[in-house]
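Student: I have a structure here, written as structure tokens, and I will follow up with some questions on it.
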Amino acid sequence: MIEIDEHALDALLTEDPGGPVVMLNLLRFRPDGGRESYQRYAEALGPAINARYGVQVDYLGDGGRALVAEAGQAWDMVVLVRYPSRQAFADMIRDPDYQAVSHFRSEALVESVLQPTAPLGSPA
Numbered sequence: 221m222i223e224i225d226e227h228a229l230d231a232l233l234t235e236d237p238g239g240p241v242v243m244l245n246l247l248r249f250r251p252d253g254g255r256e257s258y259q260r261y262a263e264a265l266g267p268a269i270n271a272r273y274g275v276q277v278d279y280l281g282d283g284g285r286a287l288v289a290e291a292g293q294a295w296d297m298v299v300l301v302r303y304p305s306r307q308a309f310a311d312m313i314r315d316p317d318y319q320a321v322s323h324f325r326s327e328a329l330v331e332s333v334l335q336p337t338a339p340l341g342s343p344a
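Heads up: the sequence shown begins at 221 in our numbering, then just goes up one per residue.
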């Protein structure tokens, strides 16, 4: 699954422990230009959408060979993105400006994991 559906957004908000959320993104690109399409997605989000929702990329890195994992669990890229709240994330996903550029992300990926994280000690 590549796209976020309304049911998943509703569940994200229902389980909200409050406070900021860091989204773990594990990305596997299409071999035919996926990385380039993801770059277009990142550029299209740009300062306007990111600033509107308080988005902060905490970490962006190329994936390497997995040292401990089942076959096929290595990822091309890992991204940690901080949002001021789960509501800010949901509002961004629902924003028409975001939706107009999200196709670049869909076109880029063959597989992904998008997982909200909470600091240890806070309710998940």
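The beta carbon of each residue, even a glycine, is placed where N, CA and C say it ideally should be.
Buried or exposed: Leu340, going by 16 or more other Cβ atoms within 10 Å of its Cβ?
Tutor: Exposed, because fewer than 16 other Cβ atoms sit within 10 Å of the Cβ of Leu340.
Student: Could you tell me the boundaries of the beta strand (DSSP E) in which Leu247 lies?
Tutor: It spans 241-249 - the beta strand (DSSP E) in which Leu247 sits, taken as one unbroken run.
Student: Considering only residues of the same chain and omitting the five flanking positions on each side of Ser305, which have a CB-CB separation below 8 angstroms?
Tutor: If we look at Ser305 and ignore the five residues flanking it on each side, its Cβ neighbours are Asp236, Gly238, Gly239, Pro240, Val241.
Student: So Tyr258 and Leu247 are supposed to be a Cβ contact under 8 angstroms. How far apart are they, rounded?
Tutor: About 7 angstroms; that satisfies the 8 angstroms criterion.
Student: Helix, strand or coil for Leu229 per DSSP?
Tutor: Helix, per DSSP.
Student: Between Tyr318 and Phe309, how many whole angstroms is the CB-CB distance? I'm expecting something under 8 angstroms.
Tutor: About 10 angstroms; that fails the 8 angstroms criterion.
Student: Does DSSP classify Val293 as helix, strand or coil?
Tutor: Reading off the sequence shown, one finds Gln at residue 293, where the question assumed Val. Coil at Gln293, not helix or strand.
Student: Would you mind reading off the limits of the beta strand (DSSP E) that contains Gly218?
Tutor: Because the chain in this structure spans residues 221 to 344, residue 218 falls outside the shown range and cannot be described.
Student: For Val330 and Gly253, I'd like the C-alpha separation in whole angstroms.
Tutor: Answer to the nearest angstrom: the Cα atoms are 11 angstroms apart.
Student: Nearest-angstrom Cα distance between Leu278 and Val301?
Tutor: In the sequence under discussion, the amino acid at residue 278 is Asp, which differs from the Leu named in the question. Their backbone Cα atoms lie some 6 angstroms apart in a straight line.
Student: Where Glu327 and Asp296 are concerned, what is the direct C-alpha to C-alpha distance, given to the nearest angstrom?
Tutor: Whole-angstrom Cα-Cα distance: 15 angstroms.
Student: Cα-Cα, which of Leu287, His227, Gln293, Glu263 is closest to Arg325?
Tutor: Closest by alpha carbon: Glu263.
Student: Taking the alpha-carbon positions, what's the Ala268 to Glu223 distance?
Tutor: In a straight line, the C-alpha of Ala268 is about 22 angstroms away from that of Glu223.
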